[in-house]
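Data first, discussion second: the structure below is written as structure tokens.
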Amino acid sequence: LSAEHTLAAARLATIEERNRLAREIHDTLAQGLAAITLQLETADALATSRPERAREATRRALDLARSNLKEARRSVMDLRAAPLQNHTLPEALATLAQRSREDAAAALTIHFSCSPDRVFPQLSTRLEVGIYRIAQEALANACKHALAQHIEMTLTGEDEYVDLVVQDDGRGFDPDNVAQIGGEGQHFGLTGMNERVKLLGGTISIQSELGAGTRIAARVPYHEKGQ
Numbered sequence: 004l005s006a007e008h009t010l011a012a013a014r015l016a017t018i019e020e021r022n023r024l025a026r027e028i029h030d031t032l033a034q035g036l037a038a039i040t041l042q043l044e045t046a047d048a049l050a051t052s053r054p055e056r057a058r059e060a061t062r063r064a065l066d067l068a069r070s071n072l073k074e075a076r077r078s079v080m081d082l083r084a085a086p087l088q089n090h091t092l093p094e095a096l097a098t099l100a101q102r103s104r105e106d107a108a109a110a111l112t113i114h115f116s117c118s119p120d121r122v123f124p125q126l127s128t129r130l131e132v133g134i135y136r137i138a139q140e141a142l143a144n145a146c147k148h149a150l151a152q153h154i155e156m157t158l159t160g161e162d163e164y165v166d167l168v169v170q171d172d173g174r175g176f177d178p179d180n181v182a183q184i185g186g187e188g189q190h191f192g193l194t195g196m197n198e199r200v201k202l203l204g205g206t207i208s209i210q211s212e213l214g215a216g217t218r219i220a221a222r223v224p225y226h227e228k229g230q
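Numbering (our numbering), first residue to last: 4 to 230.
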């Protein structure tokens, strides 16, 4: 019986690792390639009518390609901690917000706020990276699928939990029919956020309505169960 439990645990660990790698690829390489594709499509569409804007989009695509190549190399070296290397969680999220704003094809404002920095050193690297990836996916959904013009992202730490809230003014969606609104990409992103929060021992609330924007709220305990 003990051997069976050990084998079952090993299989479960393998499945979780595969899911984690799938999420990491989606969060880094896939999103980076999507941003590059968007800029190149813009350049192609404006090549004749607005050549200077097309050249600007091409340069932006090149910058994104270089940036994503560096990110891929960092991920190979240390897949889990790359976004937070030499940065606090609030600093990493502020940078993420800035990059998301710069990568957006249309005018977009992203406001990020957080409670004092002193709260967050209590988090383990695993929790920090998990929260960062949840924020990354929430912003990607708001920018690419919701077509939002304004996004509010807040990070707060109270009692035994850290809370991340991402709210946008985009087109929203019917939570029961995600595939009809954002397609497979959005469905995968929402599923990924749910899986991450669950693995961290937290909870997530996704509220959305057609034409009324989306609010994603994740709550994660400072200390994972079993620690």
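Here a beta-carbon is modelled for each residue, glycine too, at the ideal position from N, C-alpha and C.
Tell me the DSSP secondary structure of G133 in three-state form. helix
Three-state secondary structure (DSSP) of L167: Strand, per DSSP.
Who are the near neighbours of T210 in its chain, counting only those whose CB is closer than 6 Å to its CB and skipping five residues on each side? The question names Thr, but residue 210 in the sequence shown is Gln. The residues are R218.
For a test of the three-state rule: what should DSSP assign to A46, helix, strand or coil? helix
Taking only the alpha-carbon atoms, compute the straight-line gap between Q88 and E105 and give it to the nearest angstrom. 21 Å
Does the beta-carbon of D81 have 16 or more other beta-carbons within 10 angstroms, so that it is buried, or is it exposed? Because the pLDDT of D81 is 46, which lies under 50, any placement of that residue in the model is unreliable, and the question is left without a value.
To which residues of the same chain is R62 closer than 8 Å at the C-beta, ignoring the five residues directly before and after it? none
C-alpha gap between R58 and A50, whole angstroms: Computed Cα separation, rounded: 8 Å.
Restricting to Cα atoms, I'd like to know which of L67, H114, Y164, A107 is closest to E131. When each option's Cα is compared against that of E131, the closest is Y164.
To the nearest angstrom, how far is the alpha carbon of S70 from that of L41? 15 Å
Does the separation of the CB atoms of R56 and G195 fall below 7 Å? Their beta carbons are not under 7 Å apart, which means R56 does not touch G195 by this criterion.
Quick check on A220: does DSSP put it in helix, strand or coil? strand
Quick one: what's got a C-beta closer than 6 Å to H226's C-beta in the same chain, skipping five residues either side? Once the five neighbours on either side are set aside, H226 has no close Cβ partner at all.
Use the C-beta contact count for T31: other C-beta atoms within 10 angstroms, 16 or more gives buried, fewer gives exposed. buried
Which of helix, strand or coil DSSP assigns to L202: Helix at L202.
Enumerate in chain order the residues of its own chain whose CB-to-CB distance from D166 is below 6 Å, with the five nearest sequence positions on each side excluded. T159, R222
From G173, P54, R129, residue whose alpha carbon lies closest to that of A215: G173
Of all the options L202, Q101, G133, which has the alpha carbon lying nearest to the alpha carbon of I154? Q101
According to the Cβ coordinates, are D171 and A145 closer than 7 Å? yes
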